[in-house]
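Asks: Before I ask anything, here is the structure I am working with.
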Amino acid sequence: MSTTTNSKNDAYREGSLLTKSDMRKVLLRSCCQDTDWNYERQQNLPACYTMIPVLKRLYKDDRKEMAAALKRHLEFMACTPHIVSLLYGICAAMEEEHKKNKDFDPSIISSVKVSLMGPMAGIGDAFFWGTWLTIATGIGVSFAQQGSLLGPVLFLLIFNVPAVIARIYCLGLGYDNGVKFFANMSNSNIIEKVTKSASILGLMVVGAMAASMISVSIPLEVGVDGAMSSIQSYIDQIMPGFLSLAVFGLMYWLLGKKIKTTTILIILIIVSCIGTYFGVLG
Amino acid sequence: MGDNLLFQAIMIGVVYIIAYMNVYVGSPMIDRPIIVGTLTGLVLGDLKTGITVGAAMELAFLGAVPIGASNPPDMISGTIIGTAFVILSGQEVGMAVALGIPVASLMSIVTNLNMMFVYTEVAHMCDRAAEEGNAHKIEVLFNVAHFATAFILALIVGAGFYFGLPVIEKLLEYVPEFILTGMDVVAGMLPAIGCAMLARMLLRKELSPYLLIGFLLVVYLGMPTFGVALVGLCVAALVFFNSGKKEVAADVDDNEF
Chain D
3 MSTTTNSKND
13 AYREGSLLTK
23 SDMRKVLLRS
33 CCQDTDWNYE
43 RQQNLPACYT
53 MIPVLKRLYK
63 DDRKEMAAAL
73 KRHLEFMACT
83 PHIVSLLYGI
93 CAAMEEEHKK
103 NKDFDPSIIS
113 SVKVSLMGPM
123 AGIGDAFFWG
133 TWLTIATGIG
143 VSFAQQGSLL
153 GPVLFLLIFN
163 VPAVIARIYC
173 LGLGYDNGVK
183 FFANMSNSNI
193 IEKVTKSASI
203 LGLMVVGAMA
213 ASMISVSIPL
223 EVGVDGAMSS
233 IQSYIDQIMP
243 GFLSLAVFGL
253 MYWLLGKKIK
263 TTTILIILII
273 VSCIGTYFGV
283 LG
Chain V
255 MGDNLLFQAI
265 MIGVVYIIAY
275 MNVYVGSPMI
285 DRPIIVGTLT
295 GLVLGDLKTG
305 ITVGAAMELA
315 FLGAVPIGAS
325 NPPDMISGTI
335 IGTAFVILSG
345 QEVGMAVALG
355 IPVASLMSIV
365 TNLNMMFVYT
375 EVAHMCDRAA
385 EEGNAHKIEV
395 LFNVAHFATA
405 FILALIVGAG
415 FYFGLPVIEK
425 LLEYVPEFIL
435 TGMDVVAGML
445 PAIGCAMLAR
455 MLLRKELSPY
465 LLIGFLLVVY
475 LGMPTFGVAL
485 VGLCVAALVF
495 FNSGKKEVAA
505 DVDDNEF
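Below, the structure written as structure tokens:
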């Protein structure tokens with residue numbers, strides 16, 4: 003696992019102390035980002051686990067440095083799993099810098115990590131958990147509802163192809179550009195632009211899902227004898243899907259009132275059962 | 255029949271472990287109900303029902319994502335038990351949701367306690383290993399904690415399946431018809447909670463028209479979700495390229511119609 007022979011074409015980049023295989027290990031281990039998640043320091047265990055191949059290469063013979071490095075990577079960590087390799091690329095470059103240049107204070111590594119994980123998680127969460135998962139789910143579910151195997155397959159493909167590409171690309175990007183990359187990004191307010199565009203895409207899909215996947219109807223019939231018609235058919239004439247939109251709006255409002263989803267669910271169950279009993283809902 | 259149930263319980267445990275491995279292999283979303291339902295269907299010999307129930311459960315758990323310090327209910331166990339019940343008892347899809355959600359909430363007590371005490375204690379053990387500069391020990395602790403947890407949780411869910419399912423089936427004989435229909439109605443409305451949670455995450459006031467556009471494209475034009483996603487991609491791109499200039503997003507949308 004730790005062969006020290008570091009021939010030239012093995013180096014990750016020209017002049018790197020780290021090898022290609024070290025960085026491959028970092029990439030693979032960065033996949034564990036949500037493993038052993040704990041309430042005290044969240045993703046600190048996977049963060050340390052991911053950096054260990056780098057630390058072993060750099061500080062193998064220096065127990066004191068190793069202990070200090072392990073401790074700084076066991077600090078609090080929270081970031082989006084799918085793009086976190088960017089942060090590890092940056093950290094690897096900084097650890098290497100510290101090894102080469104003793105004037106490079108390792109406390110910089112911690113402070114850079116802490117200051118970057120917030121904005122990175124902001125973009126990553128909005129994009130991968132908010133938008134991209136929503137799109138994959140929307141499309142996957144629309145097929146899966148008919149029992150088609152295309153549903154789960156498309157779901158996995160749509161989500162993971164960009165996620166895996168992002169993970170691989172981000173590692174090198176972080177290592178090569180280090181902190182510079184993020185400094186540039188925050189200057190050009192690209193973060194805000196990306197977040198906004200991603201939110202728009204996500205919202206349109208959420209709207210489509212609300213329309214196609216919420217189903218409510220009022221089969222209760224009203225009218226004078228001979229001309230009975232269900233309330234549902236009247237509503238459909240005014241605006242199809244109106245009830246879905248109304249239920250969606252109600253939920254949105256309730257969530258805004260900080261009512262727990264479990265409470266909403268219980269209310270929903272009670273209302274539905276009473277409604278079905280009297281034939282109002284169906 | 256008893257042997258069969260035991261074998262199924264073991265397979266259920268295996269499905270749980272596969273789904274729990276999600277966090278170890280890059281969070282590729284194999285713990286989402288749409289996948290877990292499919293896998294459960296596969297091991298119980300009814301793939302099609304598994305996929306359908308998975309879709310319904312997915313809608314029920316739409317907004318349940320682990321962002322920051324919020325940990326959603328344990329969808330894996332909820333989906334497994336719900337799907338297994340529908341497949342084995344032949345009940346309506348709504349029953350899966352009605353059964354799956356309380357199971358997920360119950361199980362999340364276990365997983366939360368684990369994250370509060372066990373994983374935190376592991377973190378402290380790693381601190382001590384770090385003090386000694388022992389990287390190897392951290393690697394071992396990290397992996398043992400994960401795999402041991404996966405195994406224990408799978409054991410709980412497998413046992414719940416083996417002992418719980420026959421009991422639920424018996425109980426169900428006494429439940430009146432309108433409650434069962436009511437559950438189907440609930441399943442129809444549940445996606446509203448998930449959609450609203452997603453909207454809460456993404457929505458700012460000035461962006462609300464986009465949500466409505468998505469909605470209207472479906473109800474009036476009957477577009478499939480995939481189509482709306484593609485239109486959304488175009489709109490997002492237009493906004494992205496134009497947002498350097500002033501706010502012209504509103505004009506852009508009119509071109510859609």
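Quick mapping for you: the protein sequence lines, in order, are chains D and V. For reference, each letter of the first sequence is one residue, going 3 to 284 in the numbering used here. For reference, each letter of the second sequence is one residue, going 255 to 511 in the numbering used here. Every residue, glycine too, gets a C-beta built ideally from N, C-alpha and C.
(1) When the Cα atoms are used, what is the spatial distance from isoleucine 272 of chain D to histidine 75 of chain D?
(2) Under the three-state reduction of DSSP, which class applies to glutamine 239 of chain D: helix, strand or coil?
(3) What are the partner residues of glutamine 44 of chain D, as DSSP defines its beta bridges?
(4) For glutamate 223 of chain D, which residues does DSSP report across the bridge?
(5) Excluding sequence positions up to five away, which residues of its chain have a Cβ less than 8 Å from the Cβ of valine 249 of chain D?
(6) Any residues in the region 209-226 of chain D with a beta carbon nearer than 7 Å to a beta carbon of chain V? Which ones, in chain order?
(7) Kindly indicate the opening and closing residues of the alpha helix (DSSP H) around methionine 451 of chain V.
(8) So, are the CB atoms of isoleucine 220 of chain D and valine 282 of chain D less than 8 Å apart?
(9) Output the distance between the C-alpha atoms of glutamate 510 of chain V and phenylalanine 145 of chain D, rounded to the nearest integer angstrom.
(10) Alpha carbon to alpha carbon, how far is glycine 204 of chain D from alanine 80 of chain D? Give it in angstroms, no decimals.
(11) For threonine 197 of chain D and cysteine 488 of chain V, what's the separation of their Cα atoms in angstroms?
(12) Return the residues of the region 138-170 of chain D that lie within a Cβ-Cβ distance of less than 8 Å from chain V, sorted by chain order.
(13) Whose CA, out of V/Leu434, V/Val340, V/Val439, lies closest to the CA of lysine 302 of chain V?
(14) If you measure from the beta carbon of arginine 43 of chain D to each beta carbon in chain V, is any gap under 8 Å?
(15) Within 8 Å (strictly less), CB to CB, does valine 28 of chain D reach chain V?
(16) For the alpha helix (DSSP H) that threonine 197 of chain D lies in, which residues bound it at each end?
(17) Can you round the beta-carbon distance between alanine 490 of chain V and alanine 200 of chain D to whole angstroms, since I take them to be within the 8 Å contact cut?
(18) May I ask which residues mark the beginning and end of the alpha helix (DSSP H) holding cysteine 93 of chain D?
(19) Count the other CB atoms within 10 Å of the CB of leucine 425 of chain V; is the residue buried (16 or more) or exposed (fewer)?
(20) Any beta carbon of chain V sitting closer than 8 Å to that of serine 113 of chain D?
(21) Residues in its own chain within less than 7 Å of leucine 156 of chain D by CB, not counting five upstream and five downstream?
(22) For histidine 390 of chain V, count the other beta carbons within 10 Å of its own beta carbon; 16 or more makes it buried, fewer makes it exposed. Which is it?
(23) Indicate the three-state DSSP secondary structure (helix, strand or coil) for alanine 13 of chain D in the structure shown.
(24) Does the beta carbon of methionine 253 of chain D come closer than 8 Å to any beta carbon on chain V?
(25) Which residues in chain V have a C-beta closer than 9 Å to the C-beta of cysteine 275 of chain D? List them in chain order.
(26) Taking a contact to mean a Cβ-Cβ separation below 8 Å, would you say arginine 411 of chain V touches leucine 395 of chain V in this structure?
(27) Is the region 326-344 of chain V touching the region 360-372 of chain V, taking contact as three or more C-beta pairs under 8 Å?
(28) Among V/Val319, V/His378, V/Gly295, which one has its Cα closest to the Cα of leucine 342 of chain V?
(29) Within its chain, find whatever has a CB closer than 6 Å to the CB of glycine 209 of chain D; leave out the 5 residues flanking it on each side and keep chain order.
(30) Does any CB atom of chain D fall closer than 8 Å to the CB of arginine 247 of chain V?
(31) Check whether the Cβ atoms of isoleucine 284 of chain V and isoleucine 266 of chain V lie closer than 8 Å to each other.
(32) Please classify isoleucine 355 of chain V: is it buried, with 16 or more other beta-carbons within 10 angstroms of its beta-carbon, or exposed?
(33) Would you say the region 397-406 of chain V touches the region 83-90 of chain D, given that touching needs at least three Cβ pairs under 8 Å?
(34) With a Cβ-Cβ cutoff of 8 Å, do proline 282 of chain V and asparagine 162 of chain D count as a contact?
(35) Just the Cα atoms here: how many angstroms apart are serine 32 of chain D and cysteine 93 of chain D?
(36) Alpha carbons only, please: which of V/Val269, V/Gly336, V/Ile392, V/Pro430 is nearest the one belonging to isoleucine 54 of chain D?
Replies: Put simply:
(1) Residue numbering aside, residue 272 of chain D sits at position 270 when the first sequence is read from its first letter. Residue numbering aside, residue 75 of chain D sits at position 73 when the first sequence is read from its first letter. Each residue's alpha carbon lies about 49 Å from the other.
(2) For the purposes of this step, residue 239 of chain D is taken as the residue at position 237 of the first sequence. If DSSP states are grouped into helix, strand and coil, glutamine 239 of chain D belongs with the helices.
(3) Here residue 44 of chain D is taken as the residue at index 42 of the first sequence, counted from 1. Note: glutamine 44 of chain D sits in a beta bridge opposite D/Asn40, D/Met79.
(4) Within the first sequence, numbered from 1, the residue matching residue 223 of chain D stands at position 221. BP columns for glutamate 223 of chain D point to D/Ser232.
(5) Mapped onto the first sequence, residue 249 of chain D falls at position 247. The residues are Ile216, Val218.
(6) Gly209, Ala210, Met211, Ala212, Ala213, Ser214, Met215, Ile216, Ser217, Val218
(7) Working through the second sequence from its first residue, we reach residue 451 of chain V at position 197. 431-456 is the extent of the alpha helix (DSSP H) around methionine 451 of chain V.
(8) Stepping through the first sequence from its first residue, residue 220 of chain D is reached at position 218. Stepping through the first sequence from its first residue, residue 282 of chain D is reached at position 280. It is a contact, given that the beta carbons lie within the stated cut-off.
(9) Counting from one through the second sequence, the residue named residue 510 of chain V turns up at place 256. Counting from one through the first sequence, the residue named residue 145 of chain D turns up at place 143. For glutamate 510 of chain V, the pLDDT reaches just 42, beneath the cut-off of 50, and the residue's location in the model is therefore unreliable, although a value from the coordinates is still provided. If I take the Cα positions, the gap works out to 25 Å.
(10) Walking along the first sequence from the start, residue 80 of chain D turns up at place 78. Walking along the first sequence from the start, residue 204 of chain D turns up at place 202. About 23 Å.
(11) Within the first sequence, the letter at position 195 stands for residue 197 of chain D. Within the second sequence, the letter at position 234 stands for residue 488 of chain V. The straight-line gap from Cα to Cα measures roughly 15 Å.
(12) Ala138, Thr139, Gly140, Ile141, Gly142, Val143, Ser144, Ala146, Gln147, Gln148, Gly149, Ser150, Leu151, Gly153, Pro154, Phe157, Leu158, Phe161, Asn162, Ala165, Val166, Arg169
(13) Your numbering for residue 302 of chain V matches position 48 in the second sequence. Selected option, being the one with the closest Cα: V/Val340.
(14) In the first sequence, the residue the question calls residue 43 of chain D occupies position 41. Closer than 8 Å: yes.
(15) Stepping through the first sequence from its first residue, residue 28 of chain D is reached at position 26. Chain V contact via Cβ: absent.
(16) For the purposes of this step, residue 197 of chain D is taken as residue 195 along the first sequence, with counting starting at 1. Run containing threonine 197 of chain D: 192-215, per the alpha helix (DSSP H) assignment.
(17) One-based indexing of the second sequence puts residue 490 of chain V at position 236. One-based indexing of the first sequence puts residue 200 of chain D at position 198. About 7 Å; that satisfies the 8 Å criterion.
(18) The count along the first sequence starts at 1 and reaches residue 93 of chain D at position 91. Where cysteine 93 of chain D is concerned, the enclosing alpha helix (DSSP H) stretches over 87-102.
(19) The residue you call residue 425 of chain V lines up with position 171 of the second sequence. Counting Cβ neighbours within 10 Å, leucine 425 of chain V comes out exposed, since fewer than 16 surround it.
(20) Along the first sequence, read from residue 1 onward, the residue named residue 113 of chain D stands at position 111. No, no contact with chain V.
(21) By one-based count along the first sequence, residue 156 of chain D stands at place 154. The answer, listed in chain order, is Ile141, Gly142, Phe145.
(22) Here residue 390 of chain V refers to the residue found at position 136 of the second sequence. Histidine 390 of chain V is exposed by the Cβ-count criterion.
(23) On the first sequence, residue 13 of chain D is found 11 positions in, with the first residue counted as 1. DSSP places alanine 13 of chain D in strand when its eight states are reduced to three.
(24) Here residue 253 of chain D refers to the residue found at position 251 when the first sequence is read from its first residue. Yes, methionine 253 of chain D lies at the interface with chain V (some Cβ there is under 8 Å from its Cβ).
(25) Sequence index remark: in the first sequence, residue 275 of chain D carries index 273 (1-based). Those within 9 Å of cysteine 275 of chain D in chain V are Phe432, Ile433, Thr435, Gly436, Met437, Val439, Val440.
(26) The residue given as residue 411 of chain V occupies position 157 in the second sequence. The residue given as residue 395 of chain V occupies position 141 in the second sequence. The residue asked about is misnamed: residue 411 of chain V is valine in this sequence, not arginine. Not a contact, by the Cβ cut-off of 8 Å.
(27) yes
(28) Walking along the second sequence from the start, residue 342 of chain V turns up at place 88. Measuring from the Cα of leucine 342 of chain V, the nearest candidate turns out to be V/Gly295.
(29) Within the first sequence, the letter at position 207 stands for residue 209 of chain D. Hits under 6 Å: none found.
(30) Residue 247 of chain V lies beyond the residue range present for chain V, which begins at 255 and ends at 511; the question has no answer from this structure.
(31) For this step, residue 284 of chain V is matched to residue 30 along the second sequence. For this step, residue 266 of chain V is matched to residue 12 along the second sequence. Against a cut-off of 8 Å, the Cβ pair of isoleucine 266 of chain V and isoleucine 284 of chain V comes out as no contact.
(32) Within the second sequence, numbered from 1, the residue matching residue 355 of chain V stands at position 101. The residue in question, isoleucine 355 of chain V, is buried, as its Cβ has 16 or more Cβ neighbours within 10 Å.
(33) no
(34) Taking the second sequence and counting its residues from 1, one reaches residue 282 of chain V at position 28. Taking the first sequence and counting its residues from 1, one reaches residue 162 of chain D at position 160. Contact: yes.
(35) By one-based count along the first sequence, residue 32 of chain D stands at place 30. By one-based count along the first sequence, residue 93 of chain D stands at place 91. Answer to the nearest angstrom: the Cα atoms are 12 Å apart.
(36) Residue 54 of chain D sits at position 52 when you count from the first residue of the first sequence. The shortest C-alpha separation from isoleucine 54 of chain D is found at V/Ile392.
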